[in-house]
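Notes follow the structure.
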Amino acid sequence: MLSRLFRRGPRPEPPIIDADPAMDDLGLRAARDRAHTTGDWTALRDVVAETGTDWERRTFRLRVLGEDASTAEGAWLDDWQEAAPDDPAAALIYAESLHRRAAKARGGASARNTTREQFAEFQALSAQAVSAARRALDLAGPDDPSPLILLLNGAFAGRTVDTPEFDAQATEARRRSPYHFELHLTLVSLYCEKWYGSHARMFEAARTVAEGAPAGANAVMLPYLAHFEYAMREFGWDRRDRTSLAAVATYFQRREIRDELDTWAAKWRAGAPHPPGRAMTCRHWLALAAFLGRRKDLARATFAEIGTHHGGTPAWGYFLPGAGSGFLAAWEWAHE
263 MLSRLFRRGP RPEPPIIDAD PAMDDLGLRA ARDRAHTTGD WTALRDVVAE TGTDWERRTF
323 RLRVLGEDAS TAEGAWLDDW QEAAPDDPAA ALIYAESLHR RAAKARGGAS ARNTTREQFA
383 EFQALSAQAV SAARRALDLA GPDDPSPLIL LLNGAFAGRT VDTPEFDAQA TEARRRSPYH
443 FELHLTLVSL YCEKWYGSHA RMFEAARTVA EGAPAGANAV MLPYLAHFEY AMREFGWDRR
503 DRTSLAAVAT YFQRREIRDE LDTWAAKWRA GAPHPPGRAM TCRHWLALAA FLGRRKDLAR
563 ATFAEIGTHH GGTPAWGYFL PGAGSGFLAA WEWAHE
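Going by our numbering, the sequence shown opens with residue 263, and the numbers climb by one from there.
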């Protein structure tokens, strides 16, 4: 209460959440909106092509377009595939759309809170996504890692982690783009305890790529995800209440955790400015860790960098009742 009475200046209004997964990639948003309103899929072809060999940005745009194609607004993809059936970008977007549909079918609940019907649909759609990704790989150029990353995602349903095929795909994807954010996000996620690994393997994967990546690379921030996954599993599994949040906050206030996260943040910021897209995800991770660590000034400054671009960042829902409501609750706390 006293902090409010003695605050300098008016308290800012909470942001209106912009859940667009394209976040601050305004070129992508404009092209997609044009496709929605006019049916002009060529705008999307061009916005993908302009990424050139910036593989991380290409994968981000393909992923966002795949998510859009999985909705009722994605009719533009049918026109694109009819006009250019062997276009590698269209093939990858189609595969991504199947992967998104599979994820939606399963839902975000833990295994014991997921029905057999949900698992069955998840498995069926994931198998279709893998088949489509194999075709996209055949059509793609020899250096594009995007279809390989999508094939690796098939391991969530196929339980194929550590098979010779999985290892070969991961090795080839690393050759094509050694510090690709989406690639290593997939691997860290697969190696976490809630899927097919352990805390130790997850942290090793995240820290190894963060250490090797150049300053400014988004992959430098993957240890943040590892800490979120660890804290959720240890202190908030199937729980989103005051008790679990307090336990998570205690973890993120530990000196060794804070110091490690600050080290990765400094390395990431050393490469600024960052292009639109996944860098916004990294800012959300910074803000979430600051909130959980009760570092109000850092949280407030990071929220200012984020603005309204929530983008449906799922990590906010790891410890709070929902991703959107969690983001707003943390924002409110930072601006008290």
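Ideal placement from N, C-alpha and C gives every residue a C-beta, glycine not left out.
Helix, strand or coil for residue i per DSSP?
{"i": "H546", "result": "helix"}
{"i": "H446", "result": "helix"}
{"i": "H572", "result": "coil"}
{"i": "D406", "result": "coil"}
{"i": "D280", "result": "strand"}
{"i": "P274", "result": "coil"}
{"i": "N480", "result": "helix"}
{"i": "E335", "result": "coil"}
{"i": "W303", "result": "coil"}
{"i": "K456", "result": "coil"}
{"i": "P537", "result": "coil"}
{"i": "F497", "result": "helix"}
{"i": "T321", "result": "helix"}
{"i": "T377", "result": "coil"}
{"i": "S599", "result": "Absent from the model: residue 599. The displayed extent of the chain is 263 to 598, so no value can be given."}
{"i": "Q343", "result": "helix"}
Does the Cβ of residue i have 16 or more other Cβ atoms within 10 Å, making it buried, or fewer, making it exposed?
{"i": "P283", "result": "buried"}
{"i": "I355", "result": "buried"}
{"i": "W593", "result": "buried"}
{"i": "G569", "result": "exposed"}
{"i": "R294", "result": "buried"}
{"i": "A435", "result": "buried"}
{"i": "L582", "result": "buried"}
{"i": "D330", "result": "buried"}
{"i": "A297", "result": "buried"}
At a cut-off of 7 Å, is residue i close to the ligand ZN when judged by its beta-carbon and the heavy atoms of the ligand?
{"i": "K366", "result": "Among the components modelled here there is no ligand, and therefore nothing to report on the ligand ZN."}
Measure the beta-carbon distance from residue i to residue j and round it to whole angstroms, keeping in mind my assumption that it falls under 8 Å.
{"i": "R421", "j": "L387", "result": "That belief does not hold up - the Cβ atoms of R421 and L387 are roughly 16 Å apart, past 8 Å."}
{"i": "A481", "j": "A475", "result": "4 Å"}
{"i": "A395", "j": "P404", "result": "Contact flag wrong, Cβ pair sits at about 16 Å."}
{"i": "L414", "j": "Q431", "result": "6 Å"}
{"i": "Y492", "j": "H461", "result": "6 Å"}
{"i": "W595", "j": "G588", "result": "Contact doesn't hold; Cβ gap of about 11 Å is too wide."}
{"i": "A552", "j": "A541", "result": "In fact, because the Cβ distance is near 17 Å, the residues do not count as touching under 8 Å."}
{"i": "M483", "j": "C544", "result": "4 Å"}
Could you check whether residue j and residue i sit closer than 8 Å to each other, using their CB atoms as the reference points?
{"i": "P535", "j": "D286", "result": "no"}
{"i": "Y580", "j": "G478", "result": "no"}
{"i": "A353", "j": "R397", "result": "yes"}
{"i": "L360", "j": "Q390", "result": "yes"}
{"i": "P407", "j": "R438", "result": "yes"}
{"i": "G573", "j": "R520", "result": "no"}
{"i": "R325", "j": "T313", "result": "no"}
{"i": "G328", "j": "E358", "result": "yes"}
Segment contact, 8 Å Cβ cut-off, at least three pairs: the segment 329-345 with the segment 293-310: Between the segment 329-345 and the segment 293-310, the count of Cβ pairs shorter than 8 Å is three or higher; the stretches touch.
Sufficient close CB pairs (3 or more, under 8 Å) joining the segment 441-455 to the segment 467-476: yes
Given 8 Å, three or more beta-carbon pairs between the segment 528-535 and the segment 499-512: no
contact_flag[the segment 495-505, the segment 517-528] where n(CB pairs < 8 Å) is 3 or more: no
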